[in-house]
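K.L.:
Residue numbers (full-length UniProt numbering): 1 to 115. We put the beta carbon where it would ideally sit given N, CA and C, even for glycine. I am attaching a structure below and will ask some questions about it afterwards.
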């Protein structure tokens with residue numbers, strides 16, 4: 001159907017991670033070939049990025065302490081929380097590694113060393 005209908009839109013599935021992935025690619029990505037995203041598209045509103053990363057860490061505390069999924073480790077979840085906190089406090093878009101650095105500096109008095 002999508003091949004014959006130029007107005008066809010896929011529907012029924014929502015990918016909450018997509019907004020954050022595109023936002024990061026737009027804001028921090030390096031163009032390896034072709035024209036940069038910023039020359040093709042308008043920037044994504046930060047509220048969509050925030051909604052996406054908050055969705056990503058929803059329930060993280062319960063997962064860390066009580067029921068970690070097999071595919072995620074408590075460290076992965078903790079670093080993700082640090083990354084979200086970094087964005088919420090300072091507006092910085094970072095990797096988990098960058099979130100870890102910020103978490104180690106800002107939260108050192110509250111929690112043991114991270115990573």
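Please determine if the segment 80 to 96 and the segment 51 to 59 are in contact, where contact requires at least 3 C-beta pairs separated by less than 8 Å.
P.N.:
They touch, by the three-pair rule.
K.L.:
For the pair the segment 35 to 51 and the segment 6 to 25, tell me if three or more CB-CB distances fall below 8 Å.
P.N.:
With the cut-off at 8 Å, the segment 35 to 51 and the segment 6 to 25 touch.
K.L.:
Would you decide whether residue 44 is buried or exposed? Buried here means 16 or more other CB atoms lie within 10 Å of its CB.
P.N.:
For this step, residue 44 is matched to residue 44 along the chain shown. Under this definition residue 44 is a buried residue.
K.L.:
For the alpha helix (DSSP H) containing residue 3, name the first residue and the last one.
P.N.:
Start at 1 with the first residue of the chain shown, and residue 3 comes out as number 3. Element bounds for residue 3: n/a, residue is neither H nor E.
K.L.:
For a minimum of 4 consecutive residues, which ranges assigned as the alpha helix (DSSP H) are wholly contained in the segment 82 to 113?
P.N.:
Runs found: 96 to 106.
K.L.:
Give a yes or no on whether the C-beta atoms belonging to residue 79 and residue 100 are separated by under 7 Å.
P.N.:
Counting from one through the chain shown, the residue named residue 79 turns up at place 79. Counting from one through the chain shown, the residue named residue 100 turns up at place 100. Yes; because the gap between Cβ atoms is below 7 Å, this pair is in contact.
K.L.:
Excluding the 5 residues preceding and the 5 following residue 93 in the sequence, name in chain order all residues of the same chain whose CB lies nearer than 7 Å to its CB.
P.N.:
As a working mapping, residue 93 is identified with position 93 in the chain shown. For residue 93, where only same-chain residues beyond five positions count, the Cβ hits under 7 Å are 24, 27, 28, 87.
K.L.:
I'd like the list of long-range same chain contacts for residue 16, defined as Cβ closer than 8 Å, with 5 residues on each side in sequence excluded.
P.N.:
Here residue 16 refers to the residue found at position 16 of the chain shown. These residues qualify, in order along the chain: 51, 52, 55, 56.
K.L.:
Could you tell me the distance, in whole angstroms, from the CA atom of residue 71 to the CA atom of residue 61?
P.N.:
The residue given as residue 71 occupies position 71 in the chain shown. The residue given as residue 61 occupies position 61 in the chain shown. Approximately 16 Å, taken between the alpha carbons.
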